[in-house]
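The structure appears below as structure tokens.
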Amino acid sequence: MGLSELEQTGGKEGIATVKSVEGIYRNGKVELVDPLAEAEISRVIVTWTHPAEPVDLHERGIDEPQAADLRRRLAPMLFT
Numbered sequence: 033m034g035l036s037e038l039e040q041t042g043g044k045e046g047i048a049t050v051k052s053v054e055g056i057y058r059n060g061k062v063e064l065v066d067p068l069a070e071a072e073i074s075r076v077i078v079t080w081t082h083p084a085e086p087v088d089l090h091e092r093g094i095d096e097p098q099a100a101d102l103r104r105r106l107a108p109m110l111f112t
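Numbering (the working numbering), first residue to last: 33 to 112.
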């Protein structure tokens, strides 16, 4: 924490809080799905996520039983 930051907090060091919330980017602004009253006039970091595109498993040499096995094995990592 730099000197100016210590001065702004009255000499007390703080721990940054990180909270993820969903929002929609529209017309150059991010609109939060659930507004955060405690975050009024705060700096934010925006991470943009792009919807996944379908993958042609057959084109990649994966048949339906293999695809089912792959989905079963990946489920704990993707949906927890």
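Even glycine gets a Cβ: it sits at the ideal position worked out from N, Cα and C.
Compare the C-alpha of V50 against each of E91, V76 and I56 and name the closest. V76
Endpoints, the alpha helix (DSSP H) within which R105 is located: E96 to L110
Roughly how many angstroms lie between the CA atoms of E72 and V65, to the nearest whole one? 15 Å
By the DSSP assignment, the beta strand (DSSP E) with L15 in it spans what residues? Given that the chain is displayed from residue 33 to residue 112, the structure contains no residue 15 and the question cannot be resolved.
Beta-bridge pairing of R75 - partner residues as DSSP gives them: DSSP, once it has assigned bridges, lists no residue as partnering R75.
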